[in-house]
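2 protein chains.
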Amino acid sequence: MKPLYVIKIGGNVIDNSENLHYFLNDFASLDGYKILIHGGGKIATDLSHTMGIEPKMVDGRRITDIETLRVVTMVYAGLINKNIVAQLQRFSCNAIGLTGADANLIRAARRPVKDIDYGFVGDLNPYSVDSQKLAALLETAVVPVFSAITHDGEGQLLNTNADTIASSIAVAMSGLYKTSLVYCFEKKGVLRDVNSDESVIREISSSEFAGLKADNVIAGGMLPKLENAFKAINSGVSEVYIGKSDELPYLNEQSFGTRLFE
Amino acid sequence: MKPLYVIKIGGNVIDNSENLHYFLNDFASLDGYKILIHGGGKIATDLSHTMGIEPKMVDGRRITDIETLRVVTMVYAGLINKNIVAQLQRFSCNAIGLTGADANLIRAARRPVKDIDYGFVGDLNPYSVDSQKLAALLETAVVPVFSAITHDGEGQLLNTNADTIASSIAVAMSGLYKTSLVYCFEKKGVLRDVNSDESVIREISSSEFAGLKADNVIAGGMLPKLENAFKAINSGVSEVYIGKSDELPYLNEQSFGTRLFE
Numbered sequence: 000m001k002p003l004y005v006i007k008i009g010g011n012v013i014d015n016s017e018n019l020h021y022f023l024n025d026f027a028s029l030d031g032y033k034i035l036i037h038g039g040g041k042i043a044t045d046l047s048h049t050m051g052i053e054p055k056m057v058d059g060r061r062i063t064d065i066e067t068l069r070v071v072t073m074v075y076a077g078l079i080n081k082n083i084v085a086q087l088q089r090f091s092c093n094a095i096g097l098t099g100a101d102a103n104l105i106r107a108a109r110r111p112v113k114d115i116d117y118g119f120v121g122d123l124n125p126y127s128v129d130s131q132k133l134a135a136l137l138e139t140a141v142v143p144v145f146s147a148i149t150h151d152g153e154g155q156l157l158n159t160n161a162d163t164i165a166s167s168i169a170v171a172m173s174g175l176y177k178t179s180l181v182y183c184f185e186k187k188g189v190l191r192d193v194n195s196d197e198s199v200i201r202e203i204s205s206s207e208f209a210g211l212k213a214d215n216v217i218a219g220g221m222l223p224k225l226e227n228a229f230k231a232i233n234s235g236v237s238e239v240y241i242g243k244s245d246e247l248p249y250l251n252e253q254s255f256g257t258r259l260f261e
Numbered sequence: 000m001k002p003l004y005v006i007k008i009g010g011n012v013i014d015n016s017e018n019l020h021y022f023l024n025d026f027a028s029l030d031g032y033k034i035l036i037h038g039g040g041k042i043a044t045d046l047s048h049t050m051g052i053e054p055k056m057v058d059g060r061r062i063t064d065i066e067t068l069r070v071v072t073m074v075y076a077g078l079i080n081k082n083i084v085a086q087l088q089r090f091s092c093n094a095i096g097l098t099g100a101d102a103n104l105i106r107a108a109r110r111p112v113k114d115i116d117y118g119f120v121g122d123l124n125p126y127s128v129d130s131q132k133l134a135a136l137l138e139t140a141v142v143p144v145f146s147a148i149t150h151d152g153e154g155q156l157l158n159t160n161a162d163t164i165a166s167s168i169a170v171a172m173s174g175l176y177k178t179s180l181v182y183c184f185e186k187k188g189v190l191r192d193v194n195s196d197e198s199v200i201r202e203i204s205s206s207e208f209a210g211l212k213a214d215n216v217i218a219g220g221m222l223p224k225l226e227n228a229f230k231a232i233n234s235g236v237s238e239v240y241i242g243k244s245d246e247l248p249y250l251n252e253q254s255f256g257t258r259l260f261e
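Protein sequences appear in the order of chains A and B.
Going by numbering that gives the first Met the number 0, the first residue of the first sequence is number 0, and it counts up by one from there.
Going by numbering that gives the first Met the number 0, the first residue of the second sequence is number 0, and it counts up by one from there.
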C-alpha cells in the first residue's frame, strides 16, 4: 500500500502566523500523499467577543449554540481554511480546503442530549468518513485540508473535534493506504520527565505503553491522547506520531516526536 | 460534447432563506454536469457593521481593504458556501464548496492601482481557470460550488466579481463541454417593456441583439449584462440564459428566462 500522512495541527500553530508559515512550508515539502486537519484557535473566540456572543458553558463544557456555529463556520471553514490553502498554493502544494459537508466526505451525527445539550456538535462513527471518495480526491493529486466542521446529511453543519476528525480519517484510510497519523502539539513529544522538554521518549509500543502507564510515567492529559492513539493503531493505522509542528521535517527520517506503534 | 450548466446566483436569492431553499432543491434536481457560483448578499455588510468596519468607497466604488477581505472570506467562503453545500447534500446533490484558491482552480491577478486602489480585488484573464482540473473534479461526480473568492498564487486571497467568475468558468469549460451559462437575477428575463414583468423576450440572437440595441429596447443596466453574455458566446459558450431563480426547473425545457445565442 502507498503511504499516507494524516496530520493534525491545533491552535498553538494557527494562532502564531510565523509558526503557521514555517509549518505550511514544511508540510508542502513533505513527499507523498497527505491530508491536513486544522483546529480553530483564538480567532473564533476573538470574533465571538467582537460580535457580543458570550461563550456558553454548561458544567464546564463549551456549548455550540446556533450563533457560535455561525462563528466557527466563518472562522474555521472560511478565514483559517482558505488562508491555509492560499499559503500552501504559494508553496506549490495543490491544497483543497474542505469541511465534512463537502462531497459528503464526513457525515456526523448530532450529539444526543443526555445530561447536557452540547448544541450543534457532531460525533463520528466508523462509517462517517467516505474513504473511497477521499481516495478519489487524493488520486487527482490534490491535498485535502479539513477544518473541524462536518454535517449530518440533513442540511445541518456541525462543530466537530479536530483530533477526532484526524483519527477517524486515518482509520478510514488505513484500508487503502499505509497510514501514519501525526498530532502536532506544544511539546516535542511524550516526555519521560514532564519538567524536561528534552526527555522525549522516541518510540512506544503498545506493550511498552502498558508498562509506562503502570509506572505512572504517562499520566494526566497525555493519557487520553495516547489511549486514543493506540485505539487508532488497533483499528488499522500503522503508526501515530506526537510532536511539535516545527520538527515536521524530521518526519521523513521517522524521528519526529514520539512514534507509537503496535 | 457533454452538456454542462454554469449557474450564477446573487444576493437576491441568498438573502432570502425561502428563495434559497427552493432554488437549491431545483438546482439539485437538474440533470447532468453543473457548477454553481454564488455572490455575497447582505450578510457580509451586516457582519461588517457588527464588527465596526465602515465600508470604504472611493469615487463611488467599493474598496476591499484587508478587514473587508477577512469579512468576505468568512461570510462567502465559510458561512454561505458551507451552508449551501450542506443543503445541497440534503437534496442528494454531492456538492463540494470551493474558492479559486482550492486546487488552484482560479488564479487571479490583483487589480493594478491606476486612479483607484481597489484593494484586495482580483481580475481574471483567459488563463485564470484550470479547466482540466475542474473537469477532473466534475468527473468524480461532485458538483462544484464556488464562492466569489480567488487567489493570486502567492498566498493572497482576492475578492472577485461573481458574474466574472461565472463567465470565466463557462468560457474555460466550453472547450471540454457544451456549456450553458445561466444568470439568475431579480427579473424573469430581458423585458421588452421594463414596466411589464411578463414582457420577457424568449430568445435573442447576436444579430437580433444589434437591432434591439439600435431600437433602444435594451438599455441601461441590462446593456452591459448582455454585452458580457455575448462576449462569452463569442468565446465558445453555447448559450446564455438570464432569468429568475424560481423558474430554474424550466431550464430543462429550454424555456427559462431569456436565451441568448450566436
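Heads up, the beta-carbon is just placed ideally off N, CA and C, and yes, glycines get one too.
On a predicted model such as this, the values are computed, not experimentally measured, just so you know.
Around the Cβ of A:Y126, a 10 Å sphere holds fewer than 16 other Cβ atoms; the residue is exposed. Nearest in C-alpha terms to A:G152, of all of B:V84, B:I203 and B:A102, is B:V84.
For B:E153, the chain A residues whose Cβ falls inside 7 angstroms of its Cβ are R89, in order along the chain. For the pair of segments examined, the segment 150 to 167 of chain B was found to touch the segment 119 to 139 of chain B: the number of CB pairs separated by less than 8 angstroms reaches three. Between the beta-carbon of B:L180 and that of B:F229 there is about 11 angstroms, and that puts the pair past the 8 angstroms contact cut. When rounded, the separation of the alpha-carbon atoms in A:G210 and A:E138 is 41 angstroms. In terms of Cβ geometry, B:F22 and B:L68 do not form a close pair [threshold 8 angstroms].
Within 8 angstroms of the CB of B:I13, no CB atom of chain A is found; the nearest one sits about 15 angstroms away. B:T49 sits exposed, since fewer than 16 C-beta atoms from the chains shown fall within 10 Å of its C-beta.
In the DSSP annotation of this structure, the continuous segment of the alpha helix (DSSP H) that includes A:Y21 starts and ends at S16 to S28. Around the C-beta of B:I241, 16 or more other C-beta atoms lie within 10 Å, and the residue is accordingly described as buried. One thing to note: B:V144 has its Cβ within 8 angstroms of the Cβ of B:N80. Within chain A, no residue has its beta carbon less than 8 angstroms from that of B:H48; the closest one is some 11 angstroms off.
For A:F90, there is no enclosing alpha helix (DSSP H), as DSSP marks it with neither H nor E. In the displayed model, A:M56 falls within a strand according to three-state DSSP. For A:V70, same chain residues with a beta-carbon under 8 angstroms away, outside a window of 5 residues either side, are A43, L46, S47, M50 and I52 in chain order. Excluding five sequence positions before and after B:F90, the CB atoms of its chain that fall closer than 7 angstroms to its own CB belong to L23, N24 and A27, given in chain order. When DSSP reads this structure, A:H37 sits in a beta bridge with A:I8 and A:S146. A check of alpha carbon separations from A:I34 across A:D245, A:S205 and A:I95 identifies A:I95 as the nearest. Interface flag for A:Q131 against chain B is unset, since no Cβ pair is found closer than 8 angstroms.
DSSP places B:N158 within a strand segment (E or B) once states are collapsed to three. Just so you know, the alpha carbons of B:I36 and A:L78 end up roughly 19 angstroms apart.
When CB distances to chain B are screened at a threshold of 7 angstroms, the residues of the segment 54 to 76 of chain A falling below it are R69, T72, M73, V74 and A76, in chain order. In this structure, the straight-line span from the alpha carbon of A:E185 to that of B:E226 is close to 56 angstroms.
Against chain A, the beta carbon of B:I168 has no neighbour under 9 angstroms; the closest one sits roughly 16 angstroms away. Within chain A, no residue has its CB atom less than 7 angstroms from the CB of B:V120, the nearest being about 15 angstroms off. Neighbourhood of B:L78 in chain A, by CB distance below 7 angstroms: R69, T72, M73 and G77, in chain order. In this structure, B:K187 and B:K224 do not form a Cβ contact; the two beta carbons are roughly 14 angstroms apart against a cut-off of 8 angstroms. Non-local beta-carbon contacts of A:A108 in its own chain, meaning distances under 6 angstroms to residues more than five positions away in sequence, involve D122 in chain order. Non-local C-beta neighbours of A:N160 in its own chain, meaning closer than 7 angstroms and more than five positions away in sequence, comprise A147, ordered along the chain.
Chain-ordered, the chain B residues with CB closer than 7 angstroms to the CB of A:K81 read T72, A76, T98, A100, I148 and L156.
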